[in-house]
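For reference, each letter of the sequence shown is one residue, going 1 to 252 in my numbering.
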Amino acid sequence: FKGIECMFPYLVPIDQLKAAKERAGVEHVLMNAIPGDWEAGDRGIAAIPGREREFKDSLYKSLQYAKALQCKRIHVMAGLLPKTYVNANVTEQQQLWHDYTTVYVSNMQYAADLFHQEDITLLIEPINSKISVPLYFVDTYVKALELMEAINRENVKLQLVSPPRSTYRDLFHIQVTKGNLTKTLEQAFTNIGHIQISQVPDRNEPDELGEINYPHIFNTLQQLGYNDWIGCEYFPRGKTLDGLGWARKYLS
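Right under this line is the structure:
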């Protein structure tokens with residue numbers, strides 16, 4: 001492997017991370033922006049009304065790490081809708097959605113403009129709220145595309161995760177929430193900034209023991225002209241090295 005991803009590098013001093021990266025001779029492909037207080041339950045704060053200043057201030061530390069590690073992709077998590085959303089009536093839900101959307105779009109425009117100064121791509125990953133993160137604000141790629149249109153910045157892209165989680169980041173999340181991966185890839189291709197892979201239903205190695213036909217997916221990406229990183233974001237069924245057999249034919 002020639003590249004690595006790291007969700008939250010912020011507990012390790014920058015100099016140590018930079019030295020480890022240089023010793024390993026890898027590119028730091030992707031990191032997440034500071035997500036608020038993860039231990040307290042935050043899953044991002046970009047969409048949370050009342051926390052705009054905290055969000056904007058946190059971006060500068062995220063950017064400091066990205067610059068030192070020469071990381072050109074930062075995933076910014078949106079955050080969770082309030083628990084009251086579930087039992088709210090339609091009018092109340094619409095008002096909450098409006099309030100969260102207004103904050104999210106403004107915050108993401110600020111982040112995108114800041115990242116643009118360093119030639120960094122801001123990634124949006126739709127994370128499915130069925131399995132992975134209940135009440136996550138951006139939980140489908142359709143919502144993500146609508147929000148990207150409102151943000152209207154060229155350096156904002158989708159992270160696609162397979163199966164669901166996603167900027168279109170994760171094919172896993174897309175398969176869980178929508179399915180029809182081939183057409184989804186074709187329709188959203190120009191908006192894709194990064195791809196992560198794992199198998200459905202248990203998020204294991206992207207081999208043939210699951211719902212997704214990865215040889216077909218890889219062939220589709222090749223035909224579409226995708227020529228960028230694909231992150232292996234999965235839980236090995238056993239030992240990590242033992243589970244890398246699926247990759248050999250693609251790394252030769």
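Built from N, CA and C at the ideal position, the CB exists for glycine as well. All values derive from a computational prediction rather than experimental measurement.
Inset, instruction - In angstroms with no decimal places, state the Cα-to-Cα distance between Gln109 and Asp242. - result: For this step, residue 109 is matched to residue 109 along the sequence shown. For this step, residue 242 is matched to residue 242 along the sequence shown. Approximately 43 Å between the Cα atoms of the pair.
Inset, instruction - Could you give the DSSP three-state label for Ala24: helix, strand or coil? - result: Indexing the sequence shown from 1 puts residue 24 at position 24. Ala24: helix per DSSP, three-state reduction.
Inset, instruction - Inspect the CB distances between the segment 32–47 and the segment 86–93 and report whether three or more fall short of 8 Å. - result: no
Inset, instruction - Spell out the partners DSSP gives Tyr136 in its beta bridges. - result: Counted from its first residue, the sequence shown places residue 136 at position 136. Partner(s): Leu80.
Inset, instruction - Give me the Cα-Cα distance between Arg73 and Gln94, rounded to the nearest whole angstrom. - result: Taking the first residue of the sequence shown as position 1, residue 73 is located at position 73. Taking the first residue of the sequence shown as position 1, residue 94 is located at position 94. C-alpha separation (whole angstroms): 32 Å.
Legend entry - N-terminal and C-terminal residue of the alpha helix (DSSP H) that Thr182 is part of: If you number the sequence shown from 1, residue 182 lands on position 182. That run of the alpha helix (DSSP H) goes 181–188.
Legend entry - beta-carbon Lys61 near the ligand ATP non-hydrogen atom, thresh 6 Å: Ligands in the displayed structure: none, and consequently the ligand ATP is not present.
Legend entry - Close Cβ partners of Leu209 (< 7 Å) along its chain, the five nearest in sequence each way excluded: Numbered from 1 along the sequence shown, position 209 holds the residue referred to as residue 209. If we look at Leu209 and ignore the five residues flanking it on each side, its Cβ neighbours are Gln199.
Legend entry - Residue of Pro201, Asp207, Leu224 minimising C-alpha distance to Thr190: Here residue 190 corresponds to residue number 190 of the sequence shown, with the count starting at 1. Closest option to Thr190, Cα to Cα, is Leu224.
Legend entry - Proximity of His75 and Leu123 at Cβ, strictly below 7 Å: Within the sequence shown, numbered from 1, the residue matching residue 75 stands at position 75. Within the sequence shown, numbered from 1, the residue matching residue 123 stands at position 123. Cβ distance < 7 Å, so His75 and Leu123 count as in contact.
Inset, instruction - Might you give, ordered along the chain, the residues of its own chain that have their beta carbon closer than 7 Å to the beta carbon of Ala46, omitting 5 neighbours on each side? - result: On the sequence shown, position 46 is the one that residue 46 refers to. Counting only Cβ-Cβ distances below 7 Å, and skipping sequence neighbours, we find Phe55, Val76, Met77, Ala78, Gly79, Tyr104, Asn107, Met108.
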